[in-house]
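Numbered according to the working numbering, the sequence shown spans residues 63 to 633. Note that beta-carbon positions come from the ideal geometry of N, C-alpha and C, so glycine has one too. Everything numeric in this text was worked out from a predicted model, so none of it was measured.
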Amino acid sequence: MRNSVILGMTLLALGALHSRAQAADEKASVVVEPVSCVEDDAAVLARMAVTPHELAQTHRPLPELFASLHAATFSGTIDNGWHNDEVNEANEGNGFDSFSGDFLFPANTTFAVGNGYVVTGTNAGIRYHTSYGQEIFSASWSTFFGSVNTGWDFVAQPTIVFDRWSNRWFAVIPAIRSIDTYTWFLVAVSDDANPQGTWKKWSVDSTVNGTQATGNWSDWARLGVDKDAIVVTANMYSRTGDVFQYSKIRCFKKADLTSFSSTLHYSDFWNVLNPDNTKAFAVVPAEHLPGGSPNNQAFFTANNQTSGKINLIGVVGAATTNPSLVKQTISVPAYARPNFAKQMESGVQLDCGDGRIQNLLWKYNVLSTAYSVGQSGVTAIRWHQVASQNFPAASLLASGSIFEPNVWQWYPSISVNKYGTLAVGFSRSSTSEHIGLGYSYRSPNDPADYMSPTAIVKSGTRDYYGEGGSPIRWGDYTGTTVDPRDDTTFWHYNAYPNDVWGDTWNTWAQPFQVGATLVADYNADGFLTGDDFDLFGVRFEEGDPRADLNHDTFVTGDDYDSFVDAFENGY
Numbered sequence: 063m064r065n066s067v068i069l070g071m072t073l074l075a076l077g078a079l080h081s082r083a084q085a086a087d088e089k090a091s092v093v094v095e096p097v098s099c100v101e102d103d104a105a106v107l108a109r110m111a112v113t114p115h116e117l118a119q120t121h122r123p124l125p126e127l128f129a130s131l132h133a134a135t136f137s138g139t140i141d142n143g144w145h146n147d148e149v150n151e152a153n154e155g156n157g158f159d160s161f162s163g164d165f166l167f168p169a170n171t172t173f174a175v176g177n178g179y180v181v182t183g184t185n186a187g188i189r190y191h192t193s194y195g196q197e198i199f200s201a202s203w204s205t206f207f208g209s210v211n212t213g214w215d216f217v218a219q220p221t222i223v224f225d226r227w228s229n230r231w232f233a234v235i236p237a238i239r240s241i242d243t244y245t246w247f248l249v250a251v252s253d254d255a256n257p258q259g260t261w262k263k264w265s266v267d268s269t270v271n272g273t274q275a276t277g278n279w280s281d282w283a284r285l286g287v288d289k290d291a292i293v294v295t296a297n298m299y300s301r302t303g304d305v306f307q308y309s310k311i312r313c314f315k316k317a318d319l320t321s322f323s324s325t326l327h328y329s330d331f332w333n334v335l336n337p338d339n340t341k342a343f344a345v346v347p348a349e350h351l352p353g354g355s356p357n358n359q360a361f362f363t364a365n366n367q368t369s370g371k372i373n374l375i376g377v378v379g380a381a382t383t384n385p386s387l388v389k390q391t392i393s394v395p396a397y398a399r400p401n402f403a404k405q406m407e408s409g410v411q412l413d414c415g416d417g418r419i420q421n422l423l424w425k426y427n428v429l430s431t432a433y434s435v436g437q438s439g440v441t442a443i444r445w446h447q448v449a450s451q452n453f454p455a456a457s458l459l460a461s462g463s464i465f466e467p468n469v470w471q472w473y474p475s476i477s478v479n480k481y482g483t484l485a486v487g488f489s490r491s492s493t494s495e496h497i498g499l500g501y502s503y504r505s506p507n508d509p510a511d512y513m514s515p516t517a518i519v520k521s522g523t524r525d526y527y528g529e530g531g532s533p534i535r536w537g538d539y540t541g542t543t544v545d546p547r548d549d550t551t552f553w554h555y556n557a558y559p560n561d562v563w564g565d566t567w568n569t570w571a572q573p574f575q576v577g578a579t580l581v582a583d584y585n586a587d588g589f590l591t592g593d594d595f596d597l598f599g600v601r602f603e604e605g606d607p608r609a610d611l612n613h614d615t616f617v618t619g620d621d622y623d624s625f626v627d628a629f630e631n632g633y
């Protein structure tokens, strides 16, 4: 995330900054053959890590300037004796440290869970763990992608996803050649649900629109998936002057990636506009999970650059050669920029970011998202759920804040399990609490603005002063997901200050279970009573999406029968 463009601006000012109307969205669909390689983890670790020169902070503001690649050239480790397709379940339920004692600023945590594995990432590198915490692989990003080095010497802002549609692991990280600010998207996909083994990797030019050269470079790349497509979004800046130009949406045909093809089909959208014809900024693609329409209405992306609005930008036919954009603005309660957070035993304040949407999730025809806001002198979390089945006439389904007086809570991430229970994980601190990890949740039948009190995942034990000065960056992301093996257990992944050194951080991965698991416990109070039947009946008569128990996008007699069966049989 760029300090020079965002930090210090209110979201309203940000909207004004990018308010100049322009020509309609531009598009190109192309076929390319980028530099690529197929290799296993042993080959990764046999390769010597790239060691670039240190980037000085006097250099023009590159993305994630503090995360110089030279600080992440550890050789990595691998346990070649562990290569089961399904891991042992023993000792699960306990959290574990992943990265520790790192000096990179900020951490930029990302992770995914699948098939009994937890794959974590930071600006420092990528690691595989069993779901009970055994580390089985570790490498810097420069080592992991070293076989497709096309001249870059700097990487940051990784995203890792376990794609439930294909049962593959995906990783994307932007790379930059610092001498002239030329950029690439580094893309990797595993050959199966086991992250150990073989991956295909590509280095794809991110500066071009289609195949047309530009004078721009990409920053703040984000990754989304659905059944047929992989979408990467980015903010594009001029390579001379570092002036924001436009948002880009690049749609890859997933079948090319999962088949390890050397030839890739993708479509680029650039000069992307919001529904009101202002320039879009910080567009985030959704992670689409199975559950809902067999063919979701669009590949959803969103931003929240103007207070009181969520801009939905849907890509129809994202995996085809002729995709199109469909848009809608959702009105939400107004919000302000996050406040700097305070921490225990220190006057050093923490920069909570600019409040942009960090992740977007689609499941059961509902889009869920959350972001940081300023509220009553602290930083709180605003969350929304949008019923998408009638897009572009989507509607706000539920909305609220996670707020505590005198407590700062920021950088949220969000996920939804098979019961429709939503959980939000985040960082938190106060003048009587070190930086730690927390979460809150809601069941689908809770009141529309309800979210549970915060539970603590991991408590911090000391203050953090990072690279010095005040405020300092803390973030820029967290991760929350659901274990696909049971589609019930949530996981949260985040950073906390190193227990010994206040200028370094550790990361923690923690599973947790929350919410009602009884289908007929419609008011989520833990009991099956007539109140559940009455509440379901009202929503059924109104055609409320929350009465769509079989998640086929329609409220019909089948849903009523399902509820009655669950109620009468006590589940």
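Within the region 555-622, the complete alpha helix (DSSP H) runs of at least 4 residues fall at 592-604.
Comparing alpha carbon positions, the residue from P220, S204, T221 closest to W214 is S204. A check of alpha carbon separations from D304 across K316, S321, W279 identifies W279 as the nearest.
Unbroken beta strand (DSSP E) stretches of 3 residues or longer found wholly inside the region 406-472: 408-413, 421-425, 428-437, 440-449, 457-464, given in chain order. Burial check for D103: the Cβ neighbour count within 10 Å reaches 16 or more, so the residue is buried. Exclusion of the five residues before and after T493 leaves K404, Q405, M406, N468 as the residues of its chain whose Cβ lies within less than 8 Å of its Cβ. Its chain contains F167 as the residues whose beta carbon lies nearer than 6 Å to that of E529, once the 5 sequence neighbours on both sides are disregarded; these appear in chain order.
In terms of Cα proximity to N366, the closest of L422, N401, P352 is L422. Buried is the label assigned to G415, since at least 16 other Cβ atoms lie within 10 Å of its Cβ. For W536, the three-state secondary structure derived from DSSP is coil.
Three or more beta-carbon pairs separated by less than 8 Å link the region 274-293 to the region 220-228, which places the two stretches in contact. Contact holds between the region 420-440 and the region 476-491, because three or more Cβ pairs, one in each stretch, are under 8 Å apart.
In the DSSP assignment, L319 falls within the alpha helix (DSSP H) that extends over 316-320. Around the Cβ of P573, a 10 Å sphere holds 16 or more other Cβ atoms; the residue is buried. Comparing C-alpha distances from G599 to each of Y527, A108, A609 shows the shortest one belongs to A609. For V97, the CB contacts under 6 Å within the same chain, skipping 5 residues up- and downstream, are V210, T212, S265 in chain order.
Under the criterion of beta carbons closer than 8 Å, N170 and D538 qualify as touching, at roughly 5 Å. Cβ contact annotation for S386 (same chain, cutoff 7 Å, sequence separation greater than five): V378, G379, in chain order. Per DSSP, reduced to three states, the secondary structure at F161 is coil, with no helix or strand assignment. Per DSSP, the beta bridge partners of M298 are S280, Y308. Between the region 247-262 and the region 344-351, the count of Cβ pairs shorter than 8 Å is below three; the stretches do not touch. In the three-state reduction of the DSSP assignment, L484 falls in the strand class, which pools E and B.
The beta carbons of G376 and F314 sit about 17 Å from each other, so the pair does not count as a contact at 8 Å. The beta carbons of V294 and F247 sit closer together than 8 Å. In the displayed model, G522 falls within coil according to three-state DSSP, outside both helix and strand.
Annotation for W264: the continuous beta strand (DSSP E) segment containing it runs 260-267. Closest in C-alpha terms to S240, from the list R301, D545, G272, comes R301.
With 16 or more neighbouring CB atoms inside 10 Å of its own CB, V440 falls in the buried class. Excluding residues up to 5 positions away in sequence, G370, R444, S461 lie with their Cβ nearer than 8 Å to the Cβ of P395 in the same chain. Approximately 5 Å separates the beta-carbon atoms of T550 and N479; this is inside 8 Å, confirming the contact. When beta bridges are read from the DSSP output, Q274 appears opposite N271.
Here DSSP, grouped into helix, strand and coil, assigns S209 to helix. Under the DSSP assignment, D288 falls outside any beta strand (DSSP E); it carries neither an H nor an E label.
Setting aside the 5 residues that flank it on each side, G436 is surrounded in the same chain by A398, R399, P400, N401, each with a C-beta closer than 7 Å to its C-beta; the list follows chain order. Shown here, W227 sits in coil according to DSSP, grouped into three states, outside any helix or strand. Here the alpha carbons of T320 and D606 stand approximately 38 Å from one another.
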